[in-house]
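Numbering (this note's numbering), first residue to last: 5 to 132.
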Amino acid sequence: MTGVIAPEIEQFLLDSIDTVPHLEALLLLFQSPAVVWSVAELAARIYVNEKQAAGILEDLTRRSLISRVEHSPPKYQYVPRSQEQRELIEKVAQSYRTQLVQVTRFIHSNASASVRDFARAFRLKDND
């Protein structure tokens, strides 16, 4: 697979991943399932501030891709929901390793489209 991202991976990215840091956080937790991560530890590893890291971790938790295993302070871990989910995320990880540019461009292009849609919704409301 050189230039084309597999359709199932594209669909996963569209449905579940908002930004490249979201994907990097998910893959970091996925690739170290025995590790329980704090917000600060994750922030340092994916080079975002703690507020951004907390938001990313909560987004991934809401989407049932990771689990919050401690609440105060919050800590997170990859806990597979199913064998199918684990296999899909393994394919996503493989694509990210072998098709970094294509995957990041795909995520960026979709983020741009969703931002435009979000902005368009507000413009429509202003015209009412």
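Backbone N, C-alpha and C define an ideal beta-carbon position, used for all residues, glycine too. Given the structure is predicted, the values throughout are model-derived calculations rather than measurements.
Taking the Cβ atoms as the reference, A29 lies roughly 6 Å from L64, within the contact range of under 8 Å. Within its own chain, the residues whose Cβ lies closer than 7 Å to the Cβ of L33, once the five positions on either side in sequence are excluded, are W41, I70, Y80, Q81, Y82, listed in chain order.
In the three-state DSSP reduction, P37 falls in the coil class, being neither helix nor strand.
In the three-state reduction of the DSSP assignment, Q106 falls in the helix class, which pools H, G and I.
At least 8 Å separates the beta-carbon of L104 from that of F16.
Apart from the 5 residues on each side of it in sequence, P84 sits with its Cβ closer than 6 Å to the Cβ of R90 in its chain, given in chain order. When C-alpha distances from E54 are compared across S20, L31, P78, the shortest belongs to P78. Straight across, the Cα-Cα distance linking I13 with I21 is about 11 Å.
Contact between A58 and V43 holds, since their C-beta atoms are separated by about 5 Å, short of 8 Å.
The beta carbon of T108 sits closer than 6 Å to the beta carbons of V24 from its chain, once the five residues preceding and following it are set aside; these are given in chain order.
Annotated as distal: I60 and H112, with beta-carbon spacing of 8 Å or more. Under the three-state reduction of DSSP, R85 is assigned to coil, being neither helix nor strand. Under DSSP, P78 shares a beta bridge with H75.
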